[in-house]
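Engineer: My questions all concern the structure below.
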Amino acid sequence: MSESETKDITNLFSPVTQNGAKPSPWIGYAILAAVVLFVLSGLYIYLIRPALAKEIPPHQALPLDSPPIELTSFQIRTAGEDLTPQRLAISGDSLFVSFSGKSFIEVYSSKLQLLKTIRLDNPAKLHPTALVLTDSLLIVADTLLGTIAVFDRDGYYLNSASWYPDRLTRLKPVHLAVHDRFLYATDMARHRIAKISLFKDEPFFDFLELIAIYPSQVSSAVTLPLCAAVAPDGNLWIGDGQPGGVFLCTDEVKFEIAAEKPVKSRIVMPNEIAIQPSFVDSAIARIHVLDRVAGKVLVYDMEGKLRLVYPRDRDLHRPTGMVIEPRNRHIFVAENETREITVFGY
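When we follow the working numbering, the leftmost residue of the sequence shown carries the number -13, and every step to the right adds one.
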């Protein structure tokens, strides 16, 4: 084999170097920048933006019977999961929130920073469908379980009630309210409101003793109570779902007065009542009634006259809870459909 033939065979198995530019390092930089941008956008969407949304902007105090202004809305995430707020309660400037299908309550500061989480594992795993606060107690209702459970403010279980004194009828509480050391539990089992003692005063009352059932009249105009609250003058306000209306009962039982209905819409399913107090004169307090289906809040004076309806520019999205914080003049509304808590200023 000649030298030229050997050289050709060698070249046949040798790597061939092609003429061309080497890959630019800027392609790697661009990919790295895209990855960093993706991570930062995720952090913004799931951490930074929700935190910014929780800042409540300041507002000027509004005159009485002026429509509250919508300040902001925010969502709550825990462990990467969007939670659906259901019921709200307020104590000072701390906001207590229960969530649909969850057995815990979260407590937030006035700046909407998470202070603590209260687990509800006693007397069983509770899914609170209603909650209310006193100076020392946290009281929750589980409608499906048929139980009212009482905890201290740190979440330590104290006691519970599930049956009427006859031990034959189980409670089915859908709403709770507190006034003057008594609990008012709206009960779907008997279509009445149970008044329950929250203190022990022997020989008159025992803790969690049933005191009365309202309305007591068989011929009552209230047929399907869904919520109730006691106004500063002692009148019991009841939201009725069939056919839909708001009633105030003087001295809790004697007389039932139908509150004024709105002209342009109808009352469908009132499911929360909140009191807007007055620090000047309790006679000018206002009663806010949240209608879940209509998506509106009806505001009444103490006599049952309709003063205003809000929000005016939209409907609330299946609201389930409402609470009024008078110190900063804020109204919190839980909107089930959008999983948001909307804040109004008044």
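Where a beta carbon is used, it is the ideal one built from N, C-alpha and C, also for glycine.
Looking only at its chain, what residues have a beta carbon closer than 7 Å to the beta carbon of residue 53, apart from the 5 residues adjacent to it on each side?
Structural biologist: 294, 296 and 298
Engineer: When you compare only the Cα positions, how much space is there between residue 235 and residue 170?
Structural biologist: 14 Å
Engineer: Evaluate residue 329 with the Cβ neighbour count: other Cβ atoms within 10 Å of its Cβ, from every protein chain shown; 16 or more gives buried, anything less gives exposed.
Structural biologist: buried
Engineer: Of the residues 74, 68 and 43, which one's Cα is nearest the Cα of residue 311?
Structural biologist: 74
Engineer: Measuring only the C-alpha atoms, how far is residue 159 from residue 133?
Structural biologist: 7 Å
Engineer: Look at the alpha carbon of residue 128 and the alpha carbon of residue 112, and state the distance between them as a whole number of angstroms.
Structural biologist: About 6 Å.
Engineer: Hey, out of 126, 137 and 161, whose CA is closest to residue 114's CA?
Structural biologist: Ranking the options by Cα distance to residue 114, first place goes to 126.
Engineer: Nearest by alpha-carbon distance to residue 230: which of 139, 119, 277 and 80 is it?
Structural biologist: Selected option, being the one with the closest Cα: 277.
Engineer: Which stretch, first to last residue, makes up the beta strand (DSSP E) that contains residue 268?
Structural biologist: From DSSP, residue 268 is part of no beta strand (DSSP E); its letter is neither H nor E.
Engineer: Distance, Cα to Cα, residue 71 vs residue 87?
Structural biologist: 10 Å
Engineer: Cutting at 8 Å between CB atoms, please list the residues of its own chain near residue 210, excluding the five before and the five after it.
Structural biologist: Excluding positions up to five away in sequence, the list reads 177, 226, 227 and 228.
Engineer: Among the candidates 245, 131 and 58, whose CA atom is the shortest distance from the CA of residue 326?
Structural biologist: In terms of Cα proximity to residue 326, the closest of 245, 131 and 58 is 58.
Engineer: Would you report the Cα separation of residue 340 and residue 189, rounded to the nearest angstrom?
Structural biologist: There is no way to answer for residue 340, as the model of the chain reaches only from -13 to 332.
Engineer: Helix, strand or coil for residue 20, going by three-state DSSP, please let me know.
Structural biologist: helix
Engineer: Would you call the CB atoms of residue 51 and residue 272 closer than 9 Å?
Structural biologist: Cβ atoms of residue 51 and residue 272: closer than 9 Å.
Engineer: Is the segment 301 to 316 close to the segment 281 to 292, with three or more CB pairs under 8 Å?
Structural biologist: yes
Engineer: According to DSSP, residue 149 sits in a beta bridge with which residue or residues?
Structural biologist: Residue 149 is bridged to 156.
Engineer: Identify which residue in 214, 187 and 164 has its Cα closest to the Cα of residue 122.
Structural biologist: 164
Engineer: Less than 9 Å between the C-beta atoms of residue 244 and residue 233, yes or no?
Structural biologist: Yes, these two residues count as a Cβ contact at 9 Å.
Engineer: Excluding the 5 residues flanking residue 254 on each side, which residues of the same chain have their C-beta closer than 7 Å to its C-beta?
Structural biologist: 230, 277, 279 and 280
Engineer: Rounded to whole angstroms, how far is the Cβ of residue 175 from the Cβ of residue 156, which I believe are closer than 8 Å?
Structural biologist: 6 Å
Engineer: Does residue 309 pass the burial test, meaning 16 or more other C-beta atoms within 10 Å, or should it be called exposed?
Structural biologist: buried
Engineer: Please state if the CB of residue 224 and the CB of residue 208 are separated by a distance shorter than 9 Å.
Structural biologist: Yes; because the gap between Cβ atoms is below 9 Å, this pair is in contact.
Engineer: With a CB to CB cut of under 8 Å and the five nearest residues on each side skipped, what residues in its chain are close to residue 35?
Structural biologist: Confidence at residue 35 is low in this model, with a pLDDT of 45, below 50, so its placement is unreliable and no value can be given for it.
Engineer: Taking only the alpha-carbon atoms, compute the straight-line gap between residue 184 and residue 258 and give it to the nearest angstrom.
Structural biologist: Rounded to the nearest angstrom, the two C-alpha atoms are 21 Å apart.
Engineer: Could you tell me if residue 289 is buried or exposed, where buried requires 16 or more neighbouring beta carbons within 10 angstroms of its beta carbon?
Structural biologist: exposed
Engineer: Is the separation between the beta-carbon of residue 162 and that of residue 118 shorter than 9 Å?
Structural biologist: yes
Engineer: For residue 103, which residues of its own chain have a beta-carbon under 7 Å away from its beta-carbon, when the five flanking residues on both sides are left out?
Structural biologist: 90 and 92
Engineer: Check residue 49 in the structure and name its three-state DSSP category.
Structural biologist: Coil.
Engineer: Classify residue 305 as helix, strand or coil using the three-state DSSP reduction.
Structural biologist: Correct three-state label for residue 305: strand.
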